[in-house]
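**Q** With positions in the sequence shown counted from 1, the corresponding number in my numbering is that position plus 198.
Think of the CB as a built atom: it goes at the ideal place given N, C-alpha and C, for glycine as much as any other residue.
Predicted model, so just to flag it, every value in this text is computed and none were measured.
Can you read through this structure? Questions will come right after.
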Amino acid sequence: MRLAERMGRLGTESAFEVLARARALEAQGRDVIHLEIGEPDFGTPDNVVEAGREALAQGWTHYGPAAGDPELRAAVADRTNALRGTTYAAEQVIVTPGAKPVMFFTMLALVEAGDEVIYPDPGFPIYRSMIDFAGATAVPIPLRERHAFGLDVEELERLITPRTRLLIVNTPGNPTGGVIPPADLERIAELAVRHDLWVLSDEIYGELVFDGEHASLASFPGMAERTILLDGFSKTFAMTGWRLGYGIVPAGLVDPFTRLMVNSVSCASVAVQRAGLAALTGPRDEVVAMREAFRRRRDLVVAGLNAIDGLSCLRPAGAFYVFPNISATGLSSAAFAGELLQEQAVATIAGTSFGGHGEGYIRLSTANSDENLLRAVDRIGAFVAGH
Ligand code: PLP
Numbered sequence: 199m200r201l202a203e204r205m206g207r208l209g210t211e212s213a214f215e216v217l218a219r220a221r222a223l224e225a226q227g228r229d230v231i232h233l234e235i236g237e238p239d240f241g242t243p244d245n246v247v248e249a250g251r252e253a254l255a256q257g258w259t260h261y262g263p264a265a266g267d268p269e270l271r272a273a274v275a276d277r278t279n280a281l282r283g284t285t286y287a288a289e290q291v292i293v294t295p296g297a298k299p300v301m302f303f304t305m306l307a308l309v310e311a312g313d314e315v316i317y318p319d320p321g322f323p324i325y326r327s328m329i330d331f332a333g334a335t336a337v338p339i340p341l342r343e344r345h346a347f348g349l350d351v352e353e354l355e356r357l358i359t360p361r362t363r364l365l366i367v368n369t370p371g372n373p374t375g376g377v378i379p380p381a382d383l384e385r386i387a388e389l390a391v392r393h394d395l396w397v398l399s400d401e402i403y404g405e406l407v408f409d410g411e412h413a414s415l416a417s418f419p420g421m422a423e424r425t426i427l428l429d430g431f432s433k434t435f436a437m438t439g440w441r442l443g444y445g446i447v448p449a450g451l452v453d454p455f456t457r458l459m460v461n462s463v464s465c466a467s468v469a470v471q472r473a474g475l476a477a478l479t480g481p482r483d484e485v486v487a488m489r490e491a492f493r494r495r496r497d498l499v500v501a502g503l504n505a506i507d508g509l510s511c512l513r514p515a516g517a518f519y520v521f522p523n524i525s526a527t528g529l530s531s532a533a534f535a536g537e538l539l540q541e542q543a544v545a546t547i548a549g550t551s552f553g554g555h556g557e558g559y560i561r562l563s564t565a566n567s568d569e570n571l572l573r574a575v576d577r578i579g580a581f582v583a584g585h
């Protein structure tokens, strides 16, 4: 079959491939522990489910405005301003089906051949895929363990050229759980202003910070007018399958993003947006309880992994991933993750699935029960001892 040339530049997310291999092992009767999935294992809070059900019963079943339900846009702006110290208006919020389209829209609207885009490596694989798809040049900024998987601002400055058009920042980060300290965010903001860069600030894990408060790049001087703030409901409210997210954009991008919505999906599900409104305006105790569970599990898993001879693991400051260093085992990331799944039925993701700088690491998601996490750590210990 002859596909358009651009399809050859489109990547993927290997979490879904690992899940398929793990499911095949389960079909053979193996007891697989799933640490590959990037989604909360908790259910969506009851008040949100109820609001979704009611919305359907009340007839929220037709097309809605392309940029989103006005009440939801206002609630997103209010909540963001309260949590992040920004001064956004409701009109700057574009509601999308999941947050992923915000990456797509940013690339389609802003970059093309000849532009350079700096993106985190290791990082969420869709950034790279979308940069390539848009025909721009992808320039990785390495995230290193010695910087606690934040980023080295001086190294970032050296990567900026007159062609750099967009910088992608993700804090707290997938796959490392690293958080960029506010002092570094301030320096990154200064660079963005000085070099007149657009910034895609992926803050989808912003409410999963364990030590201190989340700081938003958009809140620094001169940043709101050059930042696309990406966030959504998937991680904060355990709503991955509902598909609800948003971008908050400078005034000049509202119309381009709205046109991209009209041309692609028309609007996010109208009933789901009512559920999102309930999530933002309702009680927060379940969100807080989820964060505390992820904190406890992080501590459990990090302690367990560090007790294994041959592994070392930083304590991530956010998100629900840990990113242990496996290089002392002598195995590559891909071999470690592949053999661990085959031999011990623990599904994880090779660090290299998130970019070349992920070599020497694997990603474990802590979105599983304490009991399963402890069983997984035991199996990983047995695996490392046998190699
Ligand atoms: N950004 C990062 C860093 C993620 O890890 C994910 C999902 O795994 C997303 C964005 C996309 O989230 P959504 O489910 O809202 O599309």
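1) Please state whether the Cβ-Cβ distance between residue 326 and residue 311 is less than 7 Å.
2) Would you mind stating whether residue 331 and residue 200 have Cβ atoms separated by less than 7 Å?
3) If you run the structure through DSSP and keep just helix, strand and coil, what is residue 372?
4) By the 10 Å Cβ neighbour count, where 16 or more other Cβ atoms means buried, how is residue 353 classified, buried or exposed?
5) Quick one: what does DSSP say residue 363 is sitting in, helix, strand or coil?
6) Can you pull every residue whose C-beta falls closer than 6 Å to some heavy atom of the ligand PLP, listed in chain order?
7) Evaluate residue 504 with the Cβ neighbour count: other Cβ atoms within 10 Å of its Cβ, from every protein chain shown; 16 or more gives buried, anything less gives exposed.
8) Decide yes or no for the touch test of the stretch 386-399 against the stretch 479-494: beta carbon pairs closer than 8 Å, at least 3 of them.
9) Taking C-beta to C-beta, are residue 508 and residue 447 nearer than 7 Å?
10) By the DSSP assignment, the alpha helix (DSSP H) with residue 325 in it spans what residues?
11) Any heavy atom of the ligand SAM within a distance shorter than 6 Å of the CB on residue 210?
12) For the pair the stretch 439-457 and the stretch 416-431, tell me if three or more CB-CB distances fall below 8 Å.
13) Once DSSP output is grouped into helix, strand and coil, what is the label at residue 548?
14) Residue ranges of each alpha helix (DSSP H) run of no fewer than 4 residues wholly in the stretch 415-483, ordered along the chain?
15) Write down the C-beta distance between residue 315 and residue 476 rounded to the nearest angstrom, noting that I regard them as a contact closer than 8 Å.
16) Using a 10 Å radius around the Cβ and a threshold of 16 neighbouring Cβ atoms, would you call residue 464 buried or exposed?
17) Using C-beta distances below 7 Å, list every residue in its chain close to residue 458, excluding the 5 sequence neighbours before and after it, in chain order.
18) Are the CB atoms of residue 524 and residue 560 nearer to each other than 7 Å?
19) Touching or not, the stretch 486-495 and the stretch 268-275, by the rule of three or more beta carbon pairs under 8 Å?
20) From which residue to which residue does the beta strand (DSSP E) around residue 594 run?
21) Buried or exposed, going by whether 16 or more other CB atoms sit within 10 Å of the CB of residue 522?
22) If you measure between the beta carbons of residue 421 and residue 427, is that distance less than 7 Å?
23) Give me, in chain order, the residues of the same chain whose beta-carbon lies closer than 8 Å to that of residue 217; leave out the 5 immediate sequence neighbours on both sides.
24) Identify whether residue 314 lies in helix, strand or coil by the three-state DSSP scheme.
25) To which residues of the same chain is residue 195 closer than 8 Å at the C-beta, ignoring the five residues directly before and after it?
26) Would the stretch 364-374 count as touching the stretch 508-519 if we require 3 or more Cβ pairs under 8 Å?
**A** Let me spell this out:
1) Not closer than 7 Å, so no.
2) no
3) coil
4) exposed
5) strand
6) 236, 296, 297, 298, 322, 368, 372, 400, 402, 430, 432, 438, 443
7) exposed
8) no
9) In this structure, residue 447 does not lie closer than 7 Å to residue 508 by Cβ.
10) 323-331
11) Judged by which ligands are present, the ligand SAM is missing from the structure shown, whose ligands are the ligand PLP.
12) Yes, the stretch 439-457 touches the stretch 416-431.
13) strand
14) 449-462, 468-479
15) Their Cβ separation, rounded to whole angstroms, is 36 Å, which puts residue 315 and residue 476 out of contact at 8 Å.
16) Exposed, by the Cβ-count rule.
17) 303, 306, 307
18) yes
19) no
20) Outside the displayed range of the chain (199 to 585) lies residue 594, so it cannot be described from this structure.
21) buried
22) No.
23) 232, 234, 235, 545
24) strand
25) Because residue 195 is not part of the residues shown, which for the chain are 199 to 585, the question remains open.
26) yes
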